[in-house]
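Novice:
There are 2 protein chains.
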Amino acid sequence: MINEQYKKMLEGKSVIRKLSEAATARGKEIGYENVFDYSLGNPSVPVPEKFTEVMIELLKTKNSMELHGYSPSLGIASVKDKIARSLNKRFGMNYTGNHIFPTTGAAGALAHAIRCVTKPGDEVLTFAPYFPEYNFYVNMTGAKLKVVPADTRNFQINFKHFEEMLDEKTAAVLINTPNNPSGAVYNRETLQKLAELLLRKQEEFGHDIFLISDEPYREIIFEGVDAPYVSEFYDNTLSCYSYSKSLSLPGERIGYVAVNPKCRDAQLISAICGQISRGIGHNCPSSIIQLAVSQVLDETSNMSVYEVNRNLLYQELTSLGFTCIKPGGTFYIFPRALEENAEIFCQKALKYDLILVPSDSFGVPGYFRMAYCIDTEKVERSLYALRKFVKENY
Amino acid sequence: MINEQYKKMLEGKSVIRKLSEAATARGKEIGYENVFDYSLGNPSVPVPEKFTEVMIELLKTKNSMELHGYSPSLGIASVKDKIARSLNKRFGMNYTGNHIFPTTGAAGALAHAIRCVTKPGDEVLTFAPYFPEYNFYVNMTGAKLKVVPADTRNFQINFKHFEEMLDEKTAAVLINTPNNPSGAVYNRETLQKLAELLLRKQEEFGHDIFLISDEPYREIIFEGVDAPYVSEFYDNTLSCYSYSKSLSLPGERIGYVAVNPKCRDAQLISAICGQISRGIGHNCPSSIIQLAVSQVLDETSNMSVYEVNRNLLYQELTSLGFTCIKPGGTFYIFPRALEENAEIFCQKALKYDLILVPSDSFGVPGYFRMAYCIDTEKVERSLYALRKFVKENY
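Protein sequence lines correspond, in order, to chains D and A. Reading the first sequence from the start, the letters are residues 1 to 394 in my numbering. Reading the second sequence from the start, the letters are residues 395 to 788 in my numbering.
Take a look at the structure:
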């Protein structure tokens, strides 16, 4: 019998997906180069050449049965060791390979981390604005996602609301810094206060509260911005990472859960993730991709274009009168719309071939997101459309 | 709070895993070449050269952002089309790309198929002997796996028991042909009777009963054996496939669900699978692996060694007095043990450096499995140990 719950989900198409389809359709009419498509967060810079070289080298030199053979169910040991060493060097942590659980991207990492530290009925708190897929990642496990309202002054954490919402049912807190959609990066003060509050509440409730840190944009940080490593601040932290953005290979589905060595049951968590895998059909990321990525851990794609685009857009938007936090990282910017209803605002923008995403699904009304992982040349051309749109409507 | 259910699962180590570890440990003492390790079902023949060539060609010629970019959430359209055409040509089906949902191997395929056609509380019937991971694949969704006792005469289906166990709660039936662990291949008569019974019961209960067909060994069929395509017999069939065995690349996690075009909601099932993915962190198999495999769909590794090994073992085992069904495919053989307790039997074999897997976890007591995906030379050497073991103990 077809599962009706999943079938019903087909009716609710994501706003982003709808807009992206509209952009593609419009592209067929006027040429996609003339559609200023700011809807999708797809990396737009090439994969590092070294990654390609390493892949070819592996294919040419390694025994094919070893290269493409089963990965151990907790990931390839040499890969895990290398990831641990690289994180230790960069962030002063003390990971061993046993604290690293390779996954099919950040989505795979979150699927394991959430199941590992919650059970059905538990609550997971996150902060607006937030990636709308979190609803599915959390609620489809049987736990419940609750969203703390945004601090719209700076998109750091609204601690007053947060503390009010933390209660005995809170099993985990899910953060995303640098943040999709706001581009905000949590500063030291925020992470320090977050850790203090969670420690106090763990004590008060008499149980662990895990911090799940979703970090796919960790490597996209702009000049002068301090981006502290979350796990340094709070022992019960599971860091969920993806190489999708830093190496521009979202299709290869490669990332990991990094378990803070000081967290509860730190030595067991990878193995627990391995058990979770059995129920969700996750059997490690591709072997060749694990091996190739482990040889380019300290590389990134050349992501300077994102900063150039951020600067162009931030300057134009603020000079047009938009209220806007200057993004510290990612390839998103999240200005306040020029009218209350962001959906109507974005509908109007469509007439200028500007594809903007209204903020409602991110848990904050009245804003819009622009994903500026597109060519700078196109960003430049879009500024004229943006000016025209604002002038003629507001 | 650490999920106690998953943590507890750590205590129950699989018998196969324990034996494989014992084999590795013994290998360190006497050289692994002297351990007759029949425990693990890892392919032991090289990947087709064309696969490697295609991978290198893709890496050298294709734009890296396209090659490694996000796969659409339902899989790469050109890949799906090619798989559909290949299946149509081979099995006379009428698949279109829309009926193919690429997955991370058969485990990924089953994770989607089971969730698609059951809901928590439903029952899924399977037939002993069966792959023990089915317990986790099914029960961790909230549905319940029930095992129909084996027909030990030939390891086809025990229809009497099956019909008794089919009831209103049965949402799906899960079969595996060619079968792990028995090597049996369901013949036309079995599949015909299965289809007739399911049709009758659908009518009687007034709801669909889906047939989930797990087919990772479909390409490993021995000379003279008729291996009919399951989906031809019954409309409500979801075929779950993996290239792990046919192309010898289990580590690359690539397979699919193929939805019978005549099944209920056939046009929607891929999309429903896409919704299921959101909850379990599955975001398509690796892009490059999807693209590479789609260019070698009609290739297989040279699997003739499995038939040579089957012949050697079958002949030796039967001449030593074992009761044994001659495998029609796979790289497993499943003889009756020479004493009632298969675990004790396999323990005794260990002293002869023979690593055999007792059948209890496969749902049939008193048998043992040998995975003969090892070098023929080693199989030959093992025969002496086998003879010695039998002579000295039985």
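Just so you know, even glycine gets a beta-carbon here, dropped at the ideal spot from N, CA and C. A quick note: this is a predicted structure, and the numbers were derived from the prediction, not measured.
Evaluate A/I738 with the Cβ neighbour count: other Cβ atoms within 10 Å of its Cβ, from every protein chain shown; 16 or more gives buried, anything less gives exposed.
Specialist: The residue given as residue 738 of chain A occupies position 344 in the second sequence. With fewer than 16 Cβ atoms within 10 Å of its Cβ, A/I738 is classed as exposed.
Novice: Can the beta-carbon of D/A385 be found less than 7 Å from the beta-carbon of D/L338?
Specialist: Position 385 of the first sequence, counting from 1, holds the residue named residue 385 of chain D. Position 338 of the first sequence, counting from 1, holds the residue named residue 338 of chain D. Contact flag unset, no.
Novice: Between which two residues does the beta strand (DSSP E) holding A/N570 run?
Specialist: Translated into positions along the second sequence, residue 570 of chain A becomes position 176. Its beta strand (DSSP E) spans residues T564 to N570.
Novice: Below 8 Å on the Cβ atoms is my contact criterion, and I expect A/Y766 with A/A736 to pass it. Report the Cβ-Cβ distance as a whole number of Å.
Specialist: Counting from 1 along the second sequence, the entry for residue 766 of chain A is found at position 372. Counting from 1 along the second sequence, the entry for residue 736 of chain A is found at position 342. Actually they are not in contact, since the Cβ atoms of A/Y766 and A/A736 sit about 18 Å apart, beyond 8 Å.
Novice: Between which residues of its own chain and D/K50 is the CB-CB distance below 6 Å, once the five residues before and five after are set aside?
Specialist: Translated into the one-based positions of the first sequence, residue 50 of chain D becomes position 50. Within the same chain, D/K50 has close Cβ partners V296 and E299.
Novice: Quick one, which residues of the segment 505 to 526 of chain A are near chain D if we go by CB-CB under 8 Å, in chain order?
Specialist: Listed in sequence order: A505, H506, R509, C510, V511, T512, K513 and D516.
Novice: Output yes or no for whether 7 Å exceeds the beta carbon distance between D/F222 and D/E307.
Specialist: On the first sequence, position 222 is the one that residue 222 of chain D refers to. On the first sequence, position 307 is the one that residue 307 of chain D refers to. A contact, by the Cβ cut-off of 7 Å.
Novice: Could one say the Cβ of D/M55 lies closer than 7 Å to chain C's Cβ atoms, at least one of them?
Specialist: Chain labels in this structure do not include chain C; the protein chains are D and A.
Novice: Taking buried to mean at least 16 other C-beta atoms within 10 Å of its own C-beta, is A/S625 buried or exposed?
Specialist: As a working mapping, residue 625 of chain A is identified with position 231 in the second sequence. Buried: at least 16 other Cβ atoms inside 10 Å.
Novice: Would you mind reading off the limits of the alpha helix (DSSP H) that contains D/R17?
Specialist: Here the question's residue 17 of chain D lines up with position 17 in the first sequence. First-last of the alpha helix (DSSP H) with D/R17: V15 to I30.
Novice: Name the chain D residues that come within less than 7 Å of A/Y432, Cβ to Cβ?
Specialist: One-based indexing of the second sequence puts residue 432 of chain A at position 38. Residues of chain D passing the Cβ test: none, with the nearest at roughly 17 Å.
Novice: Can you say whether A/A471 is buried or exposed, counting buried as having 16 or more other CB atoms within 10 angstroms of its CB?
Specialist: If you number the second sequence from 1, residue 471 of chain A lands on position 77. Exposed, since its Cβ has fewer than 16 Cβ neighbours within 10 Å.
Novice: Could you give the DSSP three-state label for A/S636: helix, strand or coil?
Specialist: Walking along the second sequence from the start, residue 636 of chain A turns up at place 242. Correct three-state label for A/S636: strand.
Novice: If I follow the unbroken beta strand (DSSP E) through A/L404, where does it start and stop?
Specialist: Numbered from its first residue, the second sequence carries residue 404 of chain A at position 10. A/L404 -> no beta strand (DSSP E), and no H or E assigned at all.
Novice: What is the residue span of the beta strand (DSSP E) that A/E701 lies within?
Specialist: Counted from its first residue, the second sequence places residue 701 of chain A at position 307. Careful: A/E701 lies outside any beta strand (DSSP E), inside the alpha helix (DSSP H) at S698 to S713.
Novice: How about the segment 711 to 730 of chain A and the segment 672 to 692 of chain A: do they share at least three Cβ pairs that are nearer than 8 Å?
Specialist: The segment 711 to 730 of chain A vs the segment 672 to 692 of chain A: no contact.
Novice: Is there a C-beta anywhere in chain D that falls below 7 Å from the one on A/G675?
Specialist: In the second sequence, the residue the question calls residue 675 of chain A occupies position 281. It does; some Cβ of chain D falls within 7 Å.
Novice: So that I know if they touch, is there some Cβ in chain A lying closer than 7 Å to that of D/V296?
Specialist: Locating residue 296 of chain D in the first sequence gives position 296, where the first residue counts as 1. Output row for D/V296: interface = no.
Novice: For the alpha helix (DSSP H) containing A/S607, list its first residue and its last residue.
Specialist: Locating residue 607 of chain A in the second sequence gives position 213, where the first residue counts as 1. No alpha helix (DSSP H) holds A/S607; the beta strand (DSSP E) holding it covers F604 to D608.
Novice: Taking the continuous alpha helix (DSSP H) assigned at D/G41, which residues delimit it?
Specialist: Translated into the one-based positions of the first sequence, residue 41 of chain D becomes position 41. Unbroken run through D/G41: none, as it is neither H nor E.
Novice: Can a CB atom of chain A be found closer than 7 Å to the CB of D/T24?
Specialist: If you number the first sequence from 1, residue 24 of chain D lands on position 24. No - not a single Cβ of chain A is within 7 Å of the one on D/T24.
Novice: Could you pull the start and end residues of the alpha helix (DSSP H) that A/R582 belongs to?
Specialist: Taking the first residue of the second sequence as position 1, residue 582 of chain A is located at position 188. Its alpha helix (DSSP H) spans residues R582 to F599.
Novice: Can you tell which of D/P358, D/I254, D/L317 and D/S301 has its C-alpha closest to the C-alpha of D/T103?
Specialist: The count along the first sequence starts at 1 and reaches residue 103 of chain D at position 103. The residue with the shortest Cα to Cα distance from D/T103 is D/I254.
Novice: Contact criterion: CB-CB distance below 7 Å. Does A/V541 meet it with respect to chain D?
Specialist: The count along the second sequence starts at 1 and reaches residue 541 of chain A at position 147. Closer than 7 Å: no.
Novice: Going by DSSP, name the residue or residues bridged to A/E517.
Specialist: Locating residue 517 of chain A in the second sequence gives position 123, counting from the first residue. DSSP lists A/K538 and A/T564 as partners of A/E517.
Novice: Compile a chain-ordered list of the residues in the segment 480 to 507 of chain A whose CB is closer than 8 Å to at least one CB of chain D.
Specialist: Those residues of the segment 480 to 507 of chain A that come within reach of chain D (Cβ to Cβ, closer than 8 Å) are T497, T498, G499, A501, G502, A503, L504, A505 and H506.
Novice: With a cut-off of 7 Å, does the C-beta of D/N42 fall near any C-beta of chain A?
Specialist: Sequence index remark: in the first sequence, residue 42 of chain D carries index 42 (1-based). For D/N42, the answer is yes, since a Cβ of chain A falls inside 7 Å of its Cβ.
Novice: With 16 as the cutoff for other CB atoms within 10 Å, does D/G92 come out buried or exposed?
Specialist: Here residue 92 of chain D refers to the residue found at position 92 when the first sequence is read from its first residue. So D/G92 counts as exposed.
Novice: Leaving out the 5 sequence neighbours to the left and right, which residues in its chain are closer than 6 Å to D/K80 when beta-carbon positions are compared?
Specialist: On the first sequence, position 80 is the one that residue 80 of chain D refers to. Once the five neighbours on either side are set aside, the close Cβ partners of D/K80 are G97 and I100.
Novice: Can you give the Cα-Cα distance for D/L166 and D/T237, rounded to whole angstroms?
Specialist: As a first step, residue 166 of chain D must be located in the first sequence, where it is residue number 166. As a first step, residue 237 of chain D must be located in the first sequence, where it is residue number 237. Using only the alpha carbons, I get a separation of about 17 Å.
Novice: Output, in sequence order along the chain, the residues in the segment 231 to 255 of chain D whose CB is closer than 7 Å to any CB in chain A.
Specialist: The segment 231 to 255 of chain D vs chain A, Cβ under 7 Å: S248, L249, P250, G251, E252 and R253.
Novice: What residues from the segment 303 to 315 of chain D come within 7 Å of chain A, judged by C-beta to C-beta, listed N to C?
Specialist: Cβ contacts with chain A come from no residue of the segment 303 to 315 of chain D.
Novice: Please report the straight-line C-alpha distance between A/E583 and A/P440, rounded to a whole angstrom.
Specialist: Start at 1 with the first residue of the second sequence, and residue 583 of chain A comes out as number 189. Start at 1 with the first residue of the second sequence, and residue 440 of chain A comes out as number 46. Rounded to the nearest angstrom, the two C-alpha atoms are 35 Å apart.
Novice: What are the start and end residues of each continuous alpha helix (DSSP H) run of 4 or more residues lying completely inside the segment 724 to 766 of chain A, in chain order?
Specialist: As far as the segment 724 to 766 of chain A is concerned, its whole alpha helix (DSSP H) runs of at least 4 residues are 736 to 744.
Novice: Expressed to the nearest angstrom, what Euclidean distance is found between the alpha-carbon atoms of A/I682 and A/H555?
Specialist: The residue you call residue 682 of chain A lines up with position 288 of the second sequence. The residue you call residue 555 of chain A lines up with position 161 of the second sequence. The straight-line gap from Cα to Cα measures roughly 45 Å.
Novice: What is the rounded straight-line gap between the Cα of A/L504 and the Cα of A/C634?
Specialist: Numbered from 1 along the second sequence, position 110 holds the residue referred to as residue 504 of chain A. Numbered from 1 along the second sequence, position 240 holds the residue referred to as residue 634 of chain A. Looking at the two C-alpha atoms, the distance is approximately 6 Å.
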